[in-house]
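Read the structure below first, then the notes.
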Amino acid sequence: MQDVTSPTNSANREFVAFRVGSQEFCIDIMGVREIRGWTQATPLPHAPSYVRGVINLRGAVLPIVDLAMRFGLGLTEPTARSVIIVVQVQQQVIGLLVDAVSDILTVSEASMQPTPDIASDLAKTFVKGVYAIDGRMISIVALDCVLPVIAKAAA
Amino acid sequence: MTVDTMAAIRLTFFQECEEQLSEMELGLLAMDEGNADSETVNAVFRAVHSIKGGAGAFKLTALVQFAHTFETALDHVRAGKLTPTAEVMKPMLRAADVLADLVEASRDGKEIDESSYAGVAAEVKALTLVGGEEEAEEAIDFQPTVIDFGLPEIAAEPIAAPRHEYRIQFTPHIELYANANEAALIIRELSRLGEVEVNCDASAVPSLDAIDEAGAYLSWTIRLSSESPIEAVREVFEFVEGEADISIETDGQPDVSDADIAALLAQALGSAPATEPEIEVATPALENADVEIGSALSSVSPLAEIPAPETVVPAAQAAETPKAVAVPAQTTIRVEFDRVDRLINLVGELVINQAMLSQRVIEANFAASSSVVIGLEELEQLTREIQESVMAIRAQPVKPLFQRMSRIVREVADATGKQVRLKTDGEATEVDKTVVERLAEPLTHMIRNAVDHGIESPEARAAAGKPAEGTVRLSAAHRSGRIVIEISDDGAGIDRPKVRASAIKKGLISPDAQLSDSDIDNLLFLPGFSTAATISNISGRGVGMDVVKRSILALGGRMSIASRPGKGSTFSMSLPLTLAVLDGMAVSVAGQTLVVPLTAIVETLKPKKGEIHGLGSEGRVMAIRNTFVPLIDVGTQLGFRGTVADPERSVAILVETDGGARNALLVDSIQDQRQVVIKSLEANYGTVAGIAAATILGDGRVALILDVDALVTGSFESQSSDELRYGTGG
């Protein structure tokens, strides 16, 4: 199970890799709209702890999800290096607060490995699979699960 | 004319039809209410007439014929032969509906079976027979469209219709091209006046080696067949006079020179400015009018004949000729919605950018009198004005929506044999266009329900001692930063025992359920509930109030019912004004800026010692002039802080909710009053309890707009939601 990724493999995909705490994650570059620096967010009342609030993205209100908090890795203390990855998830556009963007990866579809079977809710819920690159393990984030379905009809 | 241009003109025609129809409907409703002044009647007449004229140009026979019948009846009203009583207005309003249907069908290229509206057509025709003899009809038919010259010796018709044959010789000089004019454009302009036949004379073109690329070698002979007067033809050449040899000849019988006509026309126009809107008879649109006018012509004056072959006219003279037809002022333009949205977003960015620039200037310590600071202040003012103007574009009054409802009322009333009048209120209330659009369906449904289920039959009403004619009231108003739309009827009210029985029968509630009156009323919103004893094709098709409620909820709205047996029911919907502009008060709460909709605010107070009283374990009330109102700490309510604020260091804002209840909101301080742009939280996130929407402040940060109603209601619920408090405290 230690396929080394070779660019000649069929169906190459590009991923944006980033760091959350000490772990590395990645998301498909096609879902990434832009990457921008951290700005202070306006907190939302009654929001889950991992929703840091909302920021203004050129006139649109963008919710910010603290990925570390979401993954149960503790609250991110935003620094100058912290970035917001703006992603499109179905009809919604959200910002992911991460510690740093590390890489753009080109990997083949085939080299994706299933999520190792560990007894962690985090892994089961948010990780679609992993890539092994240069001895690093990079988990693919299942974006659909990051922002919970907020009861839209809730009054 | 190419297919594309035709399609574009067609599109414009139908767009204009929409406007004309709405104008017509508005006028007819005013007439129905007894305001049949000549201006109103004229406006309706003009609208129908314009539709007919345009339809003629596109050979929409069915539309033309019906419009003609309708127009004739309207003309009788205009002429005072027909009094717009209720009996007259009823078929008129029905005719308006048919006309709208025909326009729609024509637009979509569908056919409407003539038999479906033959009854209405006959009714309308019958109206004209009452007023005067049928023979008179044809003769007076086009009279209204004609300019009243006040010069009896000149019949008005002749000027309108004759076709002129022009022979135009056009030889551009070098200067024409040098001044960036283009012969082809001028010829194209001519082609707009009528049919053209263009011959190009290329005999003067030298051989290739002798050619000067800036030279002018071509000349054209153009035959133009047009209804436009010679002045219009000359006008085409206005910009190139002196840069070309231009000669315009007209073919026909020499009787009266064009110059004379022009003089008369100018004089007539000068003497009768009020008739300006009716000059449209001079436009070529009324092709269908030719026949009728033609027959009138033969009996009228020699003016009718085609004017003289008035030899060569120097183009320079054209400029001196008075303009014959006044161009009406342009009042609206059509813009794609995306463009407006883009503009709104860009202006939003501009505002934020400008605010940041101001911040930098302050940091740079410029003197307050320096030109940089002064210039920046001007910029700020301008930006604000631009923002306000741009915002006003997107907000639209609910008027067109309400107008459509009057038709629904008529149709359902007719189908059910009831007499119903729709009264509307607050039509000028502005909401975002999207809300207006998405309201149409639920509103239609509710109006149908109100007429079908709410209003009783005339007999039942008489028995209950009510006037035979029922009233459905539709109103819109801004309240607490939301738009509240109410539909009320003076019918029988909700039959609660029947609703209850029906719900039990359908298994929606258990037979021994204890329900309050309002609980029973709310059963109407349950899926699969329908009270109609028989399923009519008007309402009660299984899709009922639950669908209505769902679409209102999807818009971020709320719905409520109030009903009194025998007196009627009121359905109210409260909807957010997404993207509309909101007047709000910016306040500080726990370090955050929040916006309280100004409409909800009654007054602001500084709580004093002794005015705050505890009530129960956590509740507090505030004494305001001997009444006690619940005090709500916004900071703890929204979970921004754990401990309640000290009232004496805070400001209380007295607010009134949709239902009229008063509460005091406790905030840290008031910043200022401002207009804010409403931004949706739902689009990328979802609804947040107690928050209506978001806005973007001058410094680029997002601020939340309070939903006063939800906040107040929420304060009576358990405080457990505070456990979900936002983690970092911002």
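Protein chains in written order, with the working numbering: chain W, 1 to 155; chain H, 1001 to 1730. Built from N, CA and C at the ideal position, the CB exists for glycine as well.
query, result
"Considering only C-alpha positions, which residue in the set H/A1562, H/I1393 and H/S1572 is nearest to H/T1731?", "The question about residue 1731 of chain H has no answer here: the residues shown for chain H are numbered 1001 through 1730."
"Select from H/G1686, H/K1549 and H/I1670 the residue whose C-alpha is nearest the C-alpha of W/Q91.", "H/G1686"
"Hey, could you find the ends of the alpha helix (DSSP H) H/Q1381 is sitting in?", "S1371 to R1394"
"Give every residue of the same chain whose Cβ lies closer than 8 Å to the Cβ of W/V89, excluding the five residues on either side of it in the sequence, and list them in chain order.", "G31, L143, D144, V146 and L147"
"Going by DSSP, what residue range makes up the beta strand (DSSP E) through H/V1472?", "G1470 to R1479"
"Helix, strand or coil: how does DSSP classify H/S1617 here?", "coil"
"Counting only C-beta atoms, is H/V1688 closer than 7 Å to chain W at any point?", "yes"
"Can a CB atom of chain W be found closer than 7 Å to the CB of H/L1711?", "no"
"Can you confirm whether the segment 1226-1239 of chain H touches the segment 1183-1194 of chain H when touching is taken to mean that 3 or more C-beta pairs between the two stretches lie within less than 8 Å?", "yes"
"For a test of the three-state rule: what should DSSP assign to H/M1031, helix, strand or coil?", "helix"
"With a threshold of 7 Å between beta carbons, is H/R1641 in contact with chain W?", "no"
"Alpha carbon to alpha carbon, how far is W/S111 from W/R19?", "21 Å"
"Just curious, the beta strand (DSSP E) that W/P37 is in, first and last residue?", "Here residue 37 of chain W is Gly; the residue named in the question, Pro, does not match the sequence. V32 to G37 is the extent of the beta strand (DSSP E) around W/G37."
"Based on Cα-Cα distance, which residue from H/A1477, H/P1206, H/D1512 and H/N1449 lies nearest to H/G1493?", "H/N1449"
"Consider the Cβ of W/P45: report whether some Cβ of chain H lies at a distance smaller than 7 Å.", "yes"
"With three or more C-beta pairs closer than 8 Å as the rule, is the segment 50-62 of chain W touching the segment 1676-1693 of chain H?", "yes"
"I believe H/D1201 touches H/W1220 by the beta-carbon criterion, under 8 Å. Please report the beta-carbon distance rounded to the nearest angstrom.", "7 Å"
"Please tell me whether W/T76 has its Cβ less than 7 Å away from any Cβ of chain H.", "no"
"Would you kindly check if the distance between the Cβ of W/V141 and the Cβ of W/I27 is under 7 Å?", "yes"
"Using a threshold of 7 Å, state whether the C-beta atoms of H/V1667 and H/V1651 are closer than that.", "yes"
"Can you list, in chain order, the residues of its chain with a C-beta nearer than 7 Å to that of W/G53? Leave out the 5 residues immediately preceding and following it.", "A41, T42, P43, L44 and I64"
"Touch check for the segment 106-126 of chain W and the segment 1012-1021 of chain H: three-plus C-beta pairs under 8 Å?", "no"
"For W/T42, which residues in chain H fall below 7 Å Cβ to Cβ?", "Q1592, R1701, V1702, A1703 and L1704"
"Is the segment 1557-1573 of chain H close to the segment 1607-1616 of chain H, with three or more CB pairs under 8 Å?", "no"
"With DSSP run on the structure shown, which of helix, strand or coil describes H/R1482?", "strand"
"Helix, strand or coil, according to DSSP, for W/V61 in the structure here?", "strand"
"Would you mind telling me which residues of chain W sit closer than 7 Å to H/S1050, beta carbon to beta carbon, in chain order?", "Within 7 Å Cβ-Cβ: nothing; H/S1050 doesn't reach chain W, min ~40 Å."
"Just verifying my parser: in three-state terms, what is the DSSP assignment at H/S1569?", "strand"
"In chain W, which residues lie less than 7 Å from H/I1485 when you measure between Cβ atoms?", "In chain order: nothing, as chain W lies at least about 17 Å away."
"Please report how far the alpha carbon of W/I84 lies from the alpha carbon of W/L97, in whole angstroms.", "5 Å"
"Please compile the residues from chain W whose C-beta is within a distance smaller than 9 Å of the C-beta of H/L1681.", "L44, V54, V61 and P63"
"Quick one: grab the DSSP three-state call for H/A1073.", "helix"
"In the DSSP assignment, what are the bridge partners of H/D1583?", "H/Q1675"
"Compute the distance between the beta-carbons of H/T1695 and H/I1653, then report whether it is under 7 Å.", "no"
"Should H/L970 be labelled buried (16 or more other beta-carbon atoms within 10 Å of its own) or exposed?", "Outside the shown range of chain H (1001 to 1730) lies residue 970 of chain H, about which nothing can therefore be said."
"What's the gap between the Cα of W/S82 and the Cα of H/I1408?", "57 Å"
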